[in-house]
Structures are given as C-alpha cells and as structure tokens.
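What follows is a single structure, written as structure tokens, with notes after it.
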Amino acid sequence: MGAAGAQDAQQVDVAVVGAGFAGLYLLIRLRRAGFTAVALDTADDVGGTWYWNRYPGARCDIQTTDYSYTFDPELESAWHWSEKYATQPEILRYLGFVADRYDLRRDIRFGTKVLTATWDEAAQRWLLTTDNGKPVSCRYYIMASGCLSAPKPPEIDGVGDFKGEIYFTGRWPHDGVELAGKRVAVIGTGSSGVQSIPKIAEQAARLTVFQRTPNFAFPAHNGPSPADRVAALEKDRADYRAQARMSLTGVPLERATEFSWQLSEAERRQRFEKALAAGDLVAMLSQLWADQGGDLEGNALASDLLRERIRSIVKDPETAEALTPRDHPFGSKRPCLETDYYATFNRPNVTLVNLRQEPIQAITASGIKTDRRSFDLDVIVFATGFDAMTGAITSVHPIAGRGGKSISDVWASGPKTYLGLTVAGFPNLFMITGPGSPSVFSNMVVSIEQHADWVVDCLMAMREAGFTAIEATEAAQAGWARHMADCSQLTLHRLANTWYTGANVPGKAPGLMPYPGGVGPYRTICDEVVSRGMLGFTLS
Ligand code: FAD
Ligand code: N01
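Residue numbers (this note's numbering): 37 to 576.
And the structure:
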C-alpha cells in the first residue's frame with residue numbers, strides 16, 4: 037500500500053498486534069507513558085491463548101500465584117485465584133477483569149487481522165494493513181502476537197475428506213462440543229493432548245489416541261494453592277516478585293545444588309518423591325539434583341524414575357511401554373502436568389495407537405487409516421501443536437523492513453534477532469517474547485512484563501532525547517546468535533526434536549529458538565544494554 041494508504045490510516049504512536057497477556061500490559065504502559073496506541077487482534081475479545089484454547093481440561097501449568105501480572109499491587113489484591121492451576125475460563129475471566137479495570141477495550145480493534153506491515157523510510161513510520169477497517173500508521177510497531185498462537189496444519193493426507201467433525205485444541209468452539217456417545221480420536225500427546233484426553237475419555241463412547249511421541253508427564257495435584265507458596269508470597273510480596281524476576285525461570289524456587297553422584301539412591305528417590313508430591317513443573321525440573329538439566333547421566337536418573345511411575349499406573353504392559361518416553365532427555369522437551377492421564381489408558385473405552393509402529397496413512401471419509409487398520413470415527417481432535425515462536429510473526433506477510441526486505445526471507449535459515457526483541461533491518465519493530473528471548477523457557481508473565489517494560493522505557497527515553505528511530509546493528513545481532521548458540525550447548529535441548537527447535541514443522545530451519553540463559557541473567561543483559569548507552573543499537 038502506498039502513500040494514499042498512509043493518509044487514510046488510523047494514526048497512532050504505537051500499534052500492538054495481540055490482546056493477550058502481552059498486548060494488554062503494553063496498552064497499560066503505553067497509555068500511562070502518554071503514547072497513543074491501538075491493539076489489533078483477530079479474536080473477538082481479549083485473552084490471546086486463553087481466548088482460543090477452550091478445549092476440555094485446558095489449564096495453566098505454572099501456579100497461579102506466579103502466573104499473574106505483578107505490575108500493580110492493587111490488582112494483585114483485587115483478584116483471587118480459586119485453584120493452584122486455574123482453568124481456561126478462570127484465566128480468561130482474569131484477563132477480562134484486567135481489561136475492564138484499566139478500560140483497555142476502547143483501544144483494541146477486535147476481529148481484525150493484521151495482514152502486512154511496511155516500513156516507510158521517508159516518513160519513518162510503519163503502515164499496517166488489516167482485513168477489517170482502516171490501515172494503521174504508527175511510529176512503533178510491536179508484535180505481541182504470541183509464541184503459541186499459530187496452530188500448525190495437521191500435515192496428514194485426506195483431512196478434507198472426513199465426513200465427521202474436526203476440531204483443533206487451539207481453536208476450540210466457544211459453545212463447546214458435544215462428545216457424548218461419539219467415537220472420538222485425539223491426534224497428539226503434547227500438553228494439549230495430555231490435558232484433554234482424560235476429559236474427552238469421560239464423555240466419549242470410545243476414545244482412540246494416536247500417539248507419535250510420548251512425553252514425560254507427572255501429576256499436577258491440582259487443588260487450592262499450596263499454603264507454603266501462598267505464605268512465601270504473602271510474607272513479602274515485593275521481595276517474592278523481585279526474586280522471581282531474577283530467577284532462572286520466573287518462579288522463585290531454590291534450585292538443587294548437590295550433584296546426583298553426591299546423593300545416595302535413597303536420597304535421590306526421596307527428592308524425586310518430594311518433587312512428585314509438589315506437582316510443580318519448575319520443582320521437578322530444578323530441585324532433584326544440579327546435573328539433571330545439563331548432564332545426560334544425571335538426567336537419566338530422573339528420566340528413569342518418571343518412567344517407572346508410568347509402569348506402576350498403566351496396567352497393560354504394551355500400552356505402558358508405548359507411553360514411555362525413550363527418545364529424549366527429561367526436560368529437553370516441555371514436560372506435561374497430568375491429571376488422570378496415565379490412568380485414562382486403563383479405561384475400557386480408551387485405546388492407544390502407537391504411530392511409531394503403525395503410521396497414519398490417511399484420513400478417510402469415515403475415519404483414520406493406519407498401515408494396519410481402519411478406525412471409524414465421528415470426531416477427530418487435532419492436538420497437534422503450533423508453529424511456535426515465529427509462526428504468528430511471519431504470518432503477517434510481508435513484514436517489509438528497510439529496503440523492502442521481508443522478515444520471512446531474513447529468517448529463512450532461522451530467526452535472527454537482537455535480544456529476541458528487535459531485528460536488524462527492521463527499525464522501530466519490537467517483538468514481545470520473540471525468538472531469542474527466554475519466553476517459553478519461563479513463567480511467561482514475568483517475561484512479558486520485563487519485555488514490555490524494557491520496550492516502553494526505551495520509547496520514553498527516545499522521546500526525551502529527540503530520537504525517532506531505533507535499529508539493532510548486524511554486529512549486535514550476530515553476537516546474540518553466538519551467545520544463544522553457546523548457551524544452547526550447555527543444555528540438553530539440542531538433543532530433542534521439539535517445537536523449541538522448529539522440528540515439529542516440516543521444512544522449518546532447525547535451531548533452538550528460546551534463550552536458554554535464564555530470566556534473571558537475560559534481564560541483567562537487557563539492563564546493561566541500556567546503561568551502556570543502548571549498546572548494539574543505532575538511534576536516529
Ligand atoms: P497470546 O496470548 O498468544 O496472544 C497473542 C494474540 O495475538 C492472539 O490473540 C492472536 O489472535 C493475536 N494475533 C496473532 N497474530 C495476529 C495478527 N496477524 N493479527 C491480529 N492478531 C494477531 N505459559 C506459561 O508461562 N504458563 C502456563 O501455564 C501456560 N499455559 C499455556 C497453556 C496453553 C494451552 C498454551 C497454548 C500456552 C500456554 N502458555 C503458558 C504460554 C502462553 O501462550 C503465554 O503464557 C501467554 O498467554 C502468552 O501471551 P501473549 O499475549 O504473549 O500471546
Ligand atoms: O503441542 P505439542 P501442544 N501426526 O507440539 C503430535 C503449551 N501448552 O499444543 O512429538 C501425528 O507439544 C506431536 O507428535 P511429535 C506448552 O508450552 C501448555 O500439546 O511431533 N502426530 C505431539 O505429540 C506446550 O509445550 C499447556 O512426534 C502429530 C503433539 O501432536 C505447548 O503449548 C497446555 C502430528 C503436539 O504437541 C504446545 O503444546 C497446552 C502428525 N502429523 C499447551 N503433528 C499446559 O498444560 C503433531 N503431532 C499449561
């Protein structure tokens with residue numbers, strides 16, 4: 037769109053794509069800082085992840101004491117979570133409550149997809165086109181479009197031929213789905229599958245689960261928030277939040293310091309049982325022994341204990357073995373918190389199909405055909421995941437930066453960013469929890485607040501100093517890529533095929549996308565960039 041488009045456009049200082057946790061907080065900060073801003077979202081209301089993922093059993097897996105905004109103590113005391121892991125409807129209500137409390141909806145254009153974004157060199161502004169209403173002309177363009185918001189296509193032949201009902205967990209119908217009495221298939225056993233399968237099994241006449249790769253899972257032990265966690269928060273809320281911000285994961289739990297070989301087998305088992313009883317992802321990933329995350333032998337000890345638990349629950353040995361992960365170290369792929377997941381496979385109406393032994397050939401008019409059998413079905417649920425971290429960003433196509441370069445082309449061999457926040461050649465474009473930031477390796481709310489604060493503080497400082505454009509240098513971006521690669525070598529993530537590395541999307545360039553150096557160290561680096569005069573950026 038040319039100059040005429042810009043004249044007709046809605047004029048704002050800042051355009052934000054997305055109205056989830058990130059978009060809402062950005063609007064609050066931008067408004068308080070005196071910038072005009074608009075947020076645009078394809079959805080018809082706020083919530084992002086929690087607007088779209090309405091499948092049965094959908095909940096958070098970071099405790100609600102931690103998976104909450106922390107920027108306003110009054111907001112914290114105005115909202116009370118009913119559970120340790122809140123359901124999707126409760127989290128959506130929370131985000132609606134936040135939108136109402138700060139009167140955010142008046143600055144959000146719902147039902148509006150951003151289609152393209154073009155940097156106008158002469159005007160030093162971005163022009164965004166949309167599928168609904170005016171384009172937007174803005175000085176600054178922020179993608180708060182989510183890491184897990186672009187569902188992955190199913191990549192199975194014949195989906196269009198199926199005569200029954202098809203649902204995606206990440207696009208679940210708002211008025212629910214009637215499953216009673218039906219023959220249902222779930223394809224996928226990541227977190228969405230692990231949460232939804234027990235609930236679907238309770239409703240369906242028959243449930244067939246099609247599993248390609250089993251994940252590590254352990255019990256959520258949901259219920260009221262644990263008294264010790266609540267007490268730690270209530271004792272000194274500001275200190276608790278400060279510790280979270282400087283922790284590795286955004287949750288202030290002490291990490292194990294003893295190595296596995298310093299502990300007896302009985303001591304290791306005791307620690308494992310304690311972490312198991314806690315029902316906490318961060319505890320299980322960090323409180324067993326110091327070498328569980330970075331050393332294969334230390335990791336294998338933890339993996340074995342988790343495998344043993346599966347055998348103790350699932351009665352049929354063949355099914356138990358099929359559910360047992362053996363192809364990746366524990367934690368290298370995001371583990372799942374489960375409620376009755378393994379026990380569900382003891383139900384008479386549930387069957388597991390191991391796709392490693394009998395791959396799906398096609399979806400047919402009547403169901404799913406593997407290379408051994410056919411399954412007649414009324415409903416197929418795809419719990420097949422997302423084009424994570426980059427999918428929502430590159431779905432705005434093109435995002436055309438300096439000289440018309442498209443971000444999809446620049447990222448053809450993998451995303452390149454400086455700090456996960458900016459991209460060289462794309463002035464005044466920011467990403468919240470983008471590739472190269474800790475994002476999905478953390479409690480996302482802590483990371484989202486840190487990113488949004490850093491970006492808005494930066495815009496305020498630029499305004500104060502009279503600058504109108506900021507851009508990462510190629511040298512800084514290359515340095516960040518090197519640092520990312522170095523940190524990746526210290527983790528076991530490189531040993532697993534996951535959505536963290538793009539391996540779940542055919543043809544996607546491989547490489548670890550989230551920053552594995554930790555939330556606290558990352559914050560320190562971002563702060564140092566500022567204190568050293570915006571190191572790695574060109575300002576004009
Ligand atoms: P999102 O909530 O994804 O919002 C992005 C919004 O941008 C979406 O509404 C989307 O419609 C919109 N958008 C994208 N592209 C466009 C476009 N081109 N035009 C217009 N609008 C667009 N993280 C945790 O830390 N703890 C958890 O327990 C946890 N549980 C999760 C459970 C599920 C089922 C899923 C899928 C993710 C979970 N996550 C969790 C990650 C979760 O995505 C983040 O915690 C957080 O909600 C992300 O907020 P966001 O605002 O960054 O992005
Ligand atoms: O997606 P996934 P998800 N044929 O990519 C399988 C967050 N989240 O939506 O592993 C057959 O993890 C695929 O198999 P494989 C959380 O961060 C949190 O479940 O590729 N199978 C895998 O089993 C999470 O990690 C919660 O071999 C196919 C599954 O589908 C992230 O979102 C809840 C296939 C996809 O698993 C993503 O989770 C939900 C095919 N063609 C989500 N394609 C909480 O609990 C894919 N699969 C808070």
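Every residue gets a Cβ at the ideal spot worked out from N, C-alpha and C, and that includes glycine.
Residue i: CB within 7 Å of a non-hydrogen atom of ligand 2
i, result
"Trp88", "no"
"Ala419", "yes"
"Thr225", "yes"
"Pro190", "yes"
"Phe204", "no"
"Asn390", "no"
"Arg207", "no"
"Thr244", "no"
"Trp117", "no"
"Thr101", "no"
"Ile28", "Because the chain is modelled from 37 through 576, residue 28 falls outside the range shown and cannot be assessed."
Residue i versus residue j - alpha carbon distance
i, j, result
"Pro250", "Gly226", "8 Å"
"Lys441", "Thr527", "34 Å"
"Pro546", "Glu510", "21 Å"
"Ala263", "Ala114", "19 Å"
"Arg530", "Gln43", "48 Å"
"Ala241", "Glu214", "11 Å"
"Asp407", "Tyr536", "30 Å"
"Glu157", "Leu63", "26 Å"
"Asp151", "Ile443", "Reading off the sequence shown, one finds Leu at residue 151, where the question assumed Asp. When rounded, the distance between both Cα atoms is 14 Å."
"Leu359", "Ser524", "28 Å"
"Gly38", "His433", "The predicted position of Gly38 is uncertain, since its pLDDT is 44 and thus under 50; a value taken from the coordinates is nonetheless stated next. Their backbone Cα atoms lie some 16 Å apart in a straight line."
"Ala40", "Arg161", "Residue placement at Ala40 is flagged as unreliable, the pLDDT there being 47, under the threshold of 50; the coordinate-derived value follows with that caveat. The straight-line gap from Cα to Cα measures roughly 14 Å."
"Arg141", "Leu66", "14 Å"
"Tyr203", "Gln298", "49 Å"
"Ala180", "Arg409", "44 Å"
"Ala532", "Asp363", "8 Å"
"Gly84", "Gly93", "17 Å"
"Arg95", "Phe57", "15 Å"
"Pro395", "Glu201", "22 Å"
"Ser23", "Gly330", "Residue 23 lies beyond the range of the chain shown here (37 to 576); nothing can be said about it."
"Phe411", "Gln397", "12 Å"
Own chain residues within Cβ distance below 7 Å of residue i, not counting five before or after
i, result
"Val48", "Thr72, Ala73, Val74, Val172, Cys174"
"Val349", "The amino acid occupying residue 349 in the given sequence is Ile; Val does not appear at that position. Once the five neighbours on either side are set aside, the close Cβ partners of Ile349 are Tyr378, Ala379."
"Ala186", "Phe422, Asp423, Gly427, Ala428, Ser431"
"Ala274", "none"
"Val318", "Thr285, Val287, Leu289"
"Ala216", "Gln239"
Given residue i as reference, the closest of the options once Cα atoms are compared
i, options, result
"Pro451", "Arg518, Val82, Leu571, Pro365", "Arg518"
"Ala51", "Arg129, Val134, Thr166", "Thr166"
"Thr123", "Ala292, Ser232, Glu270, Leu76", "Ser232"
"Glu301", "Ala278, Leu337, Ser283", "Leu337"
"Ala268", "Glu290, Ala58, Lys235, Val195", "Glu290"
"Ala436", "Asp143, Pro463, Gly259, Tyr454", "Pro463"
"Pro542", "Gly334, Pro189, Glu112", "Pro189"
"Ala55", "Val318, Lys120, Ile178", "Ile178"
"Leu571", "Val415, Val222, Ala508, Ala280", "Ala508"
"Phe418", "Val287, Arg95, Gly224", "Gly224"
"Tyr591", "Ala514, Thr534, Tyr454, Phe466", "The chain is shown only over 37 to 576; residue 591 falls outside these bounds and no answer can be derived."
Sequence-distant residues of the same chain with beta carbon closer than 6 Å to residue i, five excluded per side
i, result
"Leu321", "Gly367"
"Val386", "Ala237, Leu243, Thr380"
"Asn540", "Gly421"
"Phe503", "Leu575"
"Leu341", "Phe308"
"Trp208", "Arg90, Tyr91"
"Trp117", "Thr100"
Ligand 3 heavy atom lying under 7 Å from the CB of residue i
i, result
"Thr78", "Questions concerning ligand 3 fall outside what the structure shown contains, since the ligands it does hold are ligand 1 and ligand 2."
Same chain only: Cβ atoms within 8 Å of residue i, ignoring 5 sequence neighbours per side
i, result
"Asn168", "Arg145, Gly147, Thr148, Lys149"
"Pro255", "Leu312, Gly315, Leu373, Glu374, Thr375"
Closer than 7 Å: residue i CB and nearest ligand 1 heavy atom
i, result
"Phe372", "For the record, residue 372 in the displayed sequence is Cys; it is not Phe. No, the Cβ of Cys372 stays beyond 7 Å of every heavy atom of ligand 1."
"Gly543", "no"
"Lys235", "no"
"Thr148", "yes"
"Phe133", "no"
"Phe477", "no"
"Ile178", "no"
"Thr85", "yes"
Nearest-angstrom beta carbon gap, residue j and residue i [assumed within contact, 8 Å]
i, j, result
"Val476", "Cys183", "5 Å"
"Leu498", "Ile506", "It should be pointed out that residue 498 corresponds to Met in this sequence rather than to Leu. Right, their Cβ atoms sit about 6 Å apart."
"Gly470", "Gly456", "5 Å"
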